[in-house]
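Note that our numbering has the sequence shown beginning at 5, numbered continuously upward. Have a look at the structure below before the remarks.
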Amino acid sequence: MAHASSDQAVRMAVEAGADSLEHGYFISQPTLEVMAAKGIPWMPPCLIAVKGNPLNDLKALKNIQFMLMPRWG
């Protein structure tokens, strides 16, 4: 099992032999196709818990963006 968010991180996990993937917020169609061909299941998150309503609260929206964006190279 691998936990990854960006398409690059997901692809690296798949190439390293992960047998399932959690999160995957930014998986591209080509990466999904590779996962499907290899029979690798994807468990996307059901929700993101934040303080505030991201629809009308810029700080809450920025918190979501921070949680979802990869912070490594």
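The C-beta atom is built at its ideal place from N, Cα and C for all residues, glycine as well.
Notebook entry, point to check: In angstroms, rounded to a whole number, what distance separates the CA positions of P34 and D23?
Noted result: 18 angstroms
Item checked: Beta-carbon contacts of I44 that lie in its chain and below 7 angstroms, excluding the five residues immediately before and after -> V18, A22, D23, S24 and L25
Next item on the list: Note down the Cα distance separating P49 from H27, rounded to an integer number of angstroms.
Entry: 6 angstroms
Check: In angstroms, rounded to a whole number, what distance separates the CA positions of M71 and L36?
Finding: 22 angstroms
Check: Out of curiosity, what's the CA-to-CA distance linking S10 and S32?
Finding: 9 angstroms
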